[in-house]
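J.:
Right, dumping it as structure tokens:
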């Protein structure tokens, strides 16, 4: 069964620190990788997308992809209390499928 | 990013009634929309893929006669939960695909008494 695995946490970091969120996936054919942020009681919000190996930076967020290891991560620099949320890793299904498979999410708490 | 709206945001109904949820892409056209369901403390589960002008594609285990999907235009998809029961109480979220990414609506919280 194709899966996306995330450490459920909770992950707790102090304000200003770097938060590191990890995700592994089982389908080698996956081509598109996404990180969503979901606040409690709200719907997911797209944070980052990454399609090729390496790093992709957007403000305080950096996504890292390693297809050989089937691993994708999200780094949040200078973490803020407003970053406290559940972060969902999503991977498209085999090949060019539009469907996404979501991990269970990692709950992040940034302490002031 | 692209904007997706949902209506209503919250609905409470009696067991046995039907509930319709609307999903609209506001600033783009979406030939494909997706419907998800999320139970408390669980991740999103894809229910079905809604295709404009054709029948929806349902995921395994999702009853197509219970969850009716209509995608009548490039900006509107509807999900109707027929004969709702308490076990259907959940957070229903739609998404639409734009620029190779999926953007989510704000969700509809359904409570069936």
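Protein chains in written order, with this note's numbering: chain A, 1 to 112; chain B, 1001 to 1113. For glycine and all other residues, C-beta sits at the position ideal for the given N, C-alpha and C. Owing to the predicted nature of the structure, the values given are computational and were not obtained by experimental measurement.
What residue range is occupied by the uninterrupted beta strand (DSSP E) comprising residue 1034/B?
T.: Within the second chain, residue 1034/B is the residue found at index 34, counting from 1. Looking at the DSSP string, the run of the beta strand (DSSP E) that includes residue 1034/B is 1032-1038.
J.: By the criterion of Cβ-Cβ separation under 7 Å, what are the contact partners of residue 1116/B in chain A?
T.: The shown model of chain B, from 1001 to 1113, leaves out residue 1116/B, and the question about it has no answer.
J.: In this structure, how does DSSP classify residue 1089/B when only helix, strand and coil are distinguished?
T.: Counted from its first residue, the second chain places residue 1089/B at position 89. Correct three-state label for residue 1089/B: coil.
J.: What does residue 99/A touch in chain B if you count any residue whose Cβ is under 7 Å from its own?
T.: Sequence index remark: in the first chain, residue 99/A carries index 99 (1-based). Per Cβ cutoff of 7 Å: 1046, 1049.
J.: 9 Å is my cut-off, CB to CB: does residue 88/A come that close to chain B?
T.: For the purposes of this step, residue 88/A is taken as the residue at position 88 of the first chain. Interface residue, yes.
J.: Check whether the region 1016-1025 of chain B touches the region 1078-1092 of chain B, counting contact only when three or more Cβ pairs, one atom from each stretch, lie closer than 8 Å.
T.: Yes, the region 1016-1025 of chain B is in contact with the region 1078-1092 of chain B.
J.: Just by C-beta distance, which residues in the region 48-74 of chain A are closer than 7 Å to chain B?
T.: 49
J.: Please decide whether residue 103/A counts as near chain B, where near means a Cβ-Cβ distance under 9 Å.
T.: One-based indexing of the first chain puts residue 103/A at position 103. Judged by the 9 Å Cβ criterion, residue 103/A is in contact with chain B.
J.: Figure out for me which residue from 45/A, 41/A, 15/A, 17/A has the closest Cα to the Cα of residue 88/A.
T.: Translated into the one-based positions of the first chain, residue 88/A becomes position 88. Shortest Cα-Cα distance from residue 88/A to any of 45/A, 41/A, 15/A, 17/A involves 45/A.
J.: Could you give the DSSP three-state label for residue 27/A: helix, strand or coil?
T.: If you number the first chain from 1, residue 27/A lands on position 27. Coil.
J.: Measuring CA to CA, which of 1002/B, 1014/B, 1035/B, 1016/B is closest to residue 1107/B?
T.: Counting from 1 along the second chain, the entry for residue 1107/B is found at position 107. Cα-wise, what sits closest to residue 1107/B is 1035/B.
J.: Note down, in chain order, every chain B residue with its Cβ under 9 Å from the Cβ of residue 34/A.
T.: Here the question's residue 34/A lines up with position 34 in the first chain. Within chain B, the residues near residue 34/A are 1101, 1102.
J.: Give me, in chain order, the residues of the same chain whose beta-carbon lies closer than 6 Å to that of residue 99/A; leave out the 5 immediate sequence neighbours on both sides.
T.: To locate residue 99/A, count along the first chain from 1; it is residue 99. Taken in chain order, the residues that qualify are 93.
J.: Applying the criterion that 16 or more other CB atoms from any shown protein chain within 10 Å of the CB defines a buried residue, is residue 33/A buried or exposed?
T.: In the first chain, counting from the first residue as 1, residue 33/A sits at position 33. Classification of residue 33/A: buried, given that the 10 Å Cβ count is 16 or more.
J.: For residue 10/A, name the three-state secondary structure that DSSP assigns.
T.: Counting from one through the first chain, the residue named residue 10/A turns up at place 10. DSSP places residue 10/A in coil when its eight states are reduced to three.
J.: Check the C-beta distance from residue 31/A over to residue 106/A and give it rounded, since I have them as a contact under 8 Å.
T.: In the first chain, counting from the first residue as 1, residue 31/A sits at position 31. In the first chain, counting from the first residue as 1, residue 106/A sits at position 106. Between residue 106/A and residue 31/A the Cβ distance is about 23 Å, and since that is not below 8 Å, they are no contact.
J.: Mapping the DSSP letters down to three states, classify residue 78/A as helix, strand or coil.
T.: What you label residue 78/A is simply residue 78 of the first chain in a count that begins at 1. Coil at residue 78/A, not helix or strand.
J.: Assuming the contact rule is C-beta atoms closer than 8 Å, residue 1096/B and residue 1067/B should be a hit. Round their C-beta distance to whole Å, please.
T.: By 1-based counting over the second chain, the position of residue 1096/B is 96. By 1-based counting over the second chain, the position of residue 1067/B is 67. No, residue 1096/B and residue 1067/B are not in contact; Cβ-Cβ is about 18 Å, not under 8 Å.
J.: DSSP on residue 83/A, reduced to helix/strand/coil?
T.: Against the first chain, residue 83/A aligns to sequence position 83. Note: residue 83/A maps to helix in three-state DSSP.
J.: Which bits of chain A does residue 1107/B rub up against, with CB to CB less than 8 Å?
T.: Locating residue 1107/B in the second chain gives position 107, where the first residue counts as 1. Near residue 1107/B (Cβ distances below 8 Å), the residues of chain A are 42, 43.
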